[in-house]
Each structure stands twice: as C-alpha cells, then as structure tokens.
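**Q**
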Amino acid sequence: MSATSTVIHFVLNAEPVSVEVETNETLLEVVRDRYALVGCRESCGQGLCGCCTLIVDGQSVSGCLYPAPFADGAEVMTVEHLDASGTLDPIQEAFIQCGAFQCGFCTSGFILMSRELLDRNPDPSEDEIRNALSGNLCRCGAYPEIIKAVQLAATLRRATLEEVH
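Going by the UniProt record's numbering, the sequence shown opens with residue 1, and the numbers climb by one from there.
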C-alpha cells in the first residue's frame, strides 16, 4: 500500500468487497477497472452527461467525479445488478419495449437515474421524469422514447408489486 492509497470496504451489487484505491481514484475507475463492470462509462469527465451514473446509498452520483475513498462503508449499485437474478428489471424491459436507446452509450445512466426516481416516486408525472433525467444526455436524441419507457416502467413496477401483494 502506498502513502497515497487506502483500503475501502463497501457493498457492490449486494456483494461485500474490499479494495485498495488511490486517494485520487474515482468510483467509476474502481468499478470498471477492478470489477469489470463496464455498464457505466466515462464520457464528459465532468459529471454533466450521466453516462457514468452509479447509485450510492440510494442516490445517483456521477461516478467520474465521485472519489472512490468516499464509497467506504457505502452500498453501490451498477446497472449490472438490475438483472442479477437472470430476469430483466422492469425498467430494462420498458427501455427495450419503447426502443429508448439507439447507440446505447447513455442507456445505463438513464436506467439507473430512472431506478432512483421510481424508488422515490412510483408514479411520476412527465415533468417529474424530465426533471429527474435532466442530468443525462443522449446524443442520439431518444428523449421521447426514454420518457415513454420510464412511464411504462412505472406501470410495470406497480403491476409487479400488486402481483406480490
């Protein structure tokens, strides 16, 4: 261990992990380089586009700006966790059904931001969806389909909850 590194312990996609990180390393770098979870991507490197979105303790963060040492003791979720059971999450299903992606580069960020929104508000209005996703950029311009996908995902999630109860 170097003078500029530290060991952090956190839960990554429901699995406890420990990793040595440099104090200037980002959580995005750790998730991609150490754990080969490549759904989150660096695009702008300034926290403006949403491609690097991760969920830390229930809040979406820009992984390209989030210092890895800050994740010590946290619960971190990547897009790979959403279908860990082998079944697509309703949000993923809705994005497919609505064709809410073209190149797919930004899709994981939109899906995780949608997850955070729907966990907080299971029935958001179109304005609430637009506001929640405003930090994400889609260079292909699939915004109308993305809005429809989040609306469908909300419906699918509510239906799933009703089946359980």
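A virtual CB, placed ideally from N, CA and C, is assigned to each residue, including glycine.
So, for residue 156: in the same chain, excluding its five sequence neighbours on each side, which residues have a beta-carbon less than 7 Å away from its beta-carbon?
**A** Excluding positions up to five away in sequence, the list reads 90, 93 and 94.
**Q** Of all the options 81, 75, 69 and 42, which has the alpha carbon lying nearest to the alpha carbon of residue 62?
**A** Comparing Cα positions, the closest option is 42.
**Q** Looking at the unbroken alpha helix (DSSP H) that takes in residue 95, where does it start and where does it end?
**A** 90–97 is the span of the alpha helix (DSSP H), which, as asked, contains residue 95.
**Q** Closest by CA to residue 21, which one among 14, 29 and 15?
**A** Residue 29 is the option with its Cα nearest to residue 21.
**Q** Which residue's Cα is closest to the Cα of residue 144: 158, 135, 129 and 154?
**A** Measuring from the Cα of residue 144, the nearest candidate turns out to be 129.
**Q** Would you tell me roughly how many angstroms separate the C-alpha atoms of residue 4 and residue 73, rounded to the nearest one?
**A** When rounded, the distance between both Cα atoms is 19 Å.
**Q** Could you have a look at residue 101 and say whether DSSP puts it in helix, strand or coil?
**A** Coil, per DSSP.
**Q** Confirm, please, whether the CB-CB distance from residue 114 to residue 150 is below 7 Å.
**A** It is a contact, given that the beta carbons lie within the stated cut-off.
**Q** Give the DSSP-derived three-state secondary structure of residue 113 in the structure shown.
**A** Three-state DSSP puts residue 113 in a helix.
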